[in-house]
Amino acid sequence: MARKTKPSAQDTPNPAQPTEKKVHPANEKTDEMAPNREVSRGEFMATNHGVRINNDQDSLKAGERGSSLLEDFILREKITHFDHERIPERVVHARGSGAHGVFKVYKSLSHLTKADFLQHPELETPVFVRFSTVAGSRGSTDLARDVRGFAVKFYTRQGNFDLVGNNMPVFFIQDALKFPDLIHAVKPEPDNEIPQAASAHDTFWDFISLMPESAHMIMWLMSDRAIPRSYRMMEGFGVHTFRFVNEQGESNFVKFHWKPLLGVHSVAWDEAQKISGKDPDFHRRDLWDAIESGSFPEWELGIQVVPEADEHRFEFDLLDPTKIIPEELVPVERVGKLTLNRNPDNFFAETEQAAFHVGHVVPGIDFTNDPLLQGRLFSYTDTQLIRLGGPNFQEIPINRPIVQVHNNQRDGYMRQTINSGKSSYNPNSLGDGYPAQAPAAEGGFTSYPERIDGRKIRARSKSFFDHFSQARLFYHSQSEPEKNHMIDAFSFELGKVKTVEVRQRMIGVLAHVDRALAAAVAYALRLSVPANTGEPLNHSFPADADPSDYQPIPAESPLARSEALSMANTPKDTIATRKIAVLAADGVDEASLGTVQAELEAEGAVVEIIAPRQGFLLSANDVEIGVHHSLLTAASVLYDAVYVPGGTNSVGTIEGEPTAIHFLNEAFKHCKAIAADAGARQVLDATYFANKLPDDNTPETVMREGIVIEADPATLAMHFKAAIAQHRFWEREKPRQVPA
Ligand code: HDE
């Protein structure tokens with residue numbers, strides 16, 4: 001029989017492994033950068049002074065075996081440029097990934113703000129977004145337990161607005177003065193620079209245990225939010241309370257949110273650690289691949305608006321960055337959509353050189369007196385001066401606004417703008433008074449005239465001293481599996497702390513959040529929960545202060561739970577971009593594999609075939625099927641679900657492959673959806689979860705167990721899709737007896 005050929009993985013457009021850019025949408029900003037874009041295809045090589053190079057293989061020498069000549073400007077230039085290729089990495093958020101996109105508001109927000117980009121539903125505002133981890137170096141793993149940065153630069157017609165947020169809505173500290181301390185504590189320890197990209201060490205927990213204001217943030221950091229499945233599946237938060245100001249000069253407080261349309265999902269901690277070895281670029285690759293394949297990541301912009309008159313309505317202070325406004329108290333209104341649709345052309349030029357600044361605001365958006373925000377307003381420009389090497393970093397293509405800039409700032413290293421004319425000062429008459437100041441009606445920025453009365457004082461407002469009520473609210477809002485993950489996370493992190501006093505002190509802090517939580521962590525560390533002795537909890541107070549003035553004030557949140565705080569309540573209605581592994585070998589049943597694959601791909605899932613060998617496999621009916629990975633280059637932790645198709649020979653081979661059985665065991669351990677053709681049941685019988693296989697295929701069983709065994713491929717696909725959309729079956733961990 002003649003062998004039919006199905007295009008191999010190498011020829012098939014594979015959304016997860018593109019060989020060439022397919023989607024390249026342009027926008028006003030990417031067009032504006034075009035003159036800086038270099039494309040060398042079809043061109044000759046030249047030196048930086050534009051002279052064509054004839055020989056890029058050999059340096060200039062005195063004779064074939066002679067010494068190199070100083071005269072060789074080609075060698076000197078190339079080596080010199082290379083020697084200077086590196087710039088300092090960001091002092092925090094060094095590891096990141098960026099993408100271009102667009103933002104559109106759903107309907108005009110003119111009643112709240114005069115910001116132009118929030119007025120016109122038909123207007124597409126270009127954006128550049130950078131996601132990041134905080135603690136690790138530029139080359140560290142994406143899957144560290146950490147906060148994620150979520151920085152958005154809007155290139156608006158009124159100049160750039162940067163919303164420099166995180167994937168958690170609160171922060172560790174209340175005052176910018178403590179930021180260097182926090183970062184010194186979490187970064188690798190200074191004597192041996194260990195550990196990389198991890199908070200699980202003594203200095204971090206020493207600091208945290210002495211700073212009870214961090215309690216709320218620590219709950220978020222020990223939750224699964226700190227190990228996202230994808231940048232595309234994280235929420236984003238502006239953290240601070242900002243101000244909207246409308247055309248009439250009226251101001252409202254506003255909190256910014258980003259809500260991912262794919263829902264909020266995480267991986268398991270064991271999985272995260274393994275991904276860090278198998279593919280440390282997991283999030284970077286995931287973002288890149290999704291955009292290349294046209295599965296554009298999307299978020300809705302949400303706002304919580306609080307009228308000025310309600311500033312003191314809450315039991316917490318709106319200026320305190322360790323507090324959220326629970327969505328039950330002020331609902332999040334979804335007002336627009338962000339779509340990322342284009343990868344950068346060059347990582348360094350765009351992602352690495354992107355300079356975000358929380359102080360980049362446009363008319364209609366203004367600051368509040370949050371002391372953390374106020375400190376940030378200084379830090380972001382200052383840090384670019386050292387990182388990007390001088391005051392002209394705003395002229396780098398990725399940073400410059402789409403509007404032309406005219407002012408009297410001049411010169412400095414690497415100046416790009418060629419300012420014409422004699423006058424570079426204001427007032428001037430020689431330049432006819434230009435550039436002119438813009439009246440507010442012409443878009444000139446005017447600060448909100450907030451009334452300020454006060455004495456100059458280095459102190460903290462008493463309204464910032466409830467450190468535990470929202471930490472408690474967060475913990476109590478989690479599902480049982482989420483609570484278990486947090487207990488495990490605390491036990492892991494504190495278990496890595498060598499100083500027992502620090503562990504013990506931290507248990508004491510946790511006891512103020514929830515005694516059961518503290519007891520569970522104490523049990524794992526073989527410590528006990530101390531009685532509340534009234535010992536000072538807060539060690540962060542000024543030299544001459546009375547320590548008792550700086551201790552937390554006990555308070556209760558008016559809410560027992562907030563649904564929005566638990567990822568268990570996230571929408572679970574799509575399998576788009578989920579990665580499904582198919583374990584198959586020669587002799588696979590092509591028809592059933594094809595049906596299931598087509599059904600999954602029709603809903604946007606990415607299906608990859610994993611076989612004992614690379615290249616292709618031959619189905620039972622002699623069709624060549626492209627292989628994406630061999631069992632050697634794949635790993636279960638890189639997929640969301642796994643399917644074993646039928647076909648006697650294929651099933652026999654997979655059953656006899658220990659790596660394939662390990663793949664399934666791990667997928668089970670990490671609570672993923674698993675499906676097998678009824679003819680492949682023997683493969684599942686070879687796993688450690690053989691005695692946990694469901695007896696039936698009813699939707700209730702599938703939704704409880706996440707395992708489908710079925711003969712009819714269409715029925716199998718239907719149940720499997722429902723299971724994949726659930727993301728993970730955390731309940732499987734319940735006995736917490738799953739072998740490693
Ligand atoms: Fe940052 N932060 N930060 N930060 N931050 C930086 O700026 C700083 C804070 C955030 O992808 C730095 O360009 C201070 C909160 C993101 O390029 C630096 C304080 C939030 C990014 C800096 C904070 C953030 C940064 C380092 C306390 C969430 C990455 C490199 C007062 C709302 C942006 C740089 C990117 C980066 C200072 C606290 C978010 C040093 C002083 C709170 C997403 O300027």
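1 is the number of the first residue of the sequence shown in full-length UniProt numbering; add one for each residue after it. Beta carbons: idealized from backbone N, C-alpha and C, even for Gly.
With C-beta atoms as the reference, is residue i less than 8 Å away from residue j?
i	j	result
S491	A524	yes
S295	A576	yes
N649	A585	yes
D345	R681	no
A543	V529	no
V335	L163	no
A197	G136	yes
I507	A522	yes
A634	I610	yes
G412	N399	no
V509	S223	no
P435	N160	no
R376	V403	no
N252	K114	no
H727	K572	yes
What is the DSSP secondary structure of residue i, reduced to helix, strand or coil?
i	result
L385	helix
V105	strand
K278	helix
I398	coil
N36	helix
T80	helix
I53	coil
Q304	strand
L182	helix
I291	helix
V497	coil
I661	helix
L338	strand
I418	coil
G98	strand
D366	strand
Report the CB separation of residue i from residue j in whole angstroms; it is logged as a contact under 8 Å.
i	j	result
W269	D488	7 Å
E657	P612	6 Å
M211	S540	5 Å
V644	V683	5 Å
N484	E213	Not really, about 26 Å apart at Cβ, beyond 8 Å.
I707	I654	No, I707 and I654 are not in contact; Cβ-Cβ is about 16 Å, not under 8 Å.
T499	G96	Between G96 and T499 the Cβ distance is about 32 Å, and since that is not below 8 Å, they are no contact.
P699	A722	7 Å
A471	M219	5 Å
L112	V305	6 Å
Leaving out five residues before and five after residue i in sequence, what residues of the same chain have Cβ atoms less than 6 Å from its Cβ?
i	result
N14	In this predicted model, N14 has a pLDDT of only 43, less than 50, meaning its place in the structure is not dependable enough to derive any value.
G454	none
T203	A185, E189
P547	P536, F541
E493	A200
S140	R95, Q196, A197
Once the 5 residues before and after residue i are set aside, which same chain residues still bring their CB inside 7 Å of it?
i	result
P427	G433
S59	S68, D72, L75
N48	E77
P260	R232, M233, M234, E235, W299
E666	S636, V637
Q174	E213, D320, P321, T322, P371, L372, R460, F464
N621	E590
G444	Q437, A438
Q551	P536, L537, N538
Within its chain, find whatever has a CB closer than 8 Å to the CB of residue i; leave out the 5 residues flanking it on each side and keep chain order.
i	result
M45	R52, I53, D56
A440	P363, T446
G165	G149, F150, A151, V152, G236, F237, G238, V239, F256, W258
E315	D466, S469, A555, S557, P558
M33	P397, I398
Answer yes if the segment 319-333 comes into contact with the segment 346-364, meaning at least three C-beta pairs across the two stretches below 8 Å, and no otherwise.
no
Does the count of Cβ pairs from the segment 279-289 and the segment 152-170 closer than 8 Å reach three?
no
Count Cβ pairs between the segment 137-148 and the segment 211-229 that sit closer than 8 Å; are there 3 or more?
yes
Does the pairing of the segment 77-84 with the segment 380-393 give three or more beta-carbon distances under 8 Å?
no
Does the structure place the segment 96-106 close enough to the segment 116-134 that three or more beta carbon pairs sit under 8 Å?
yes
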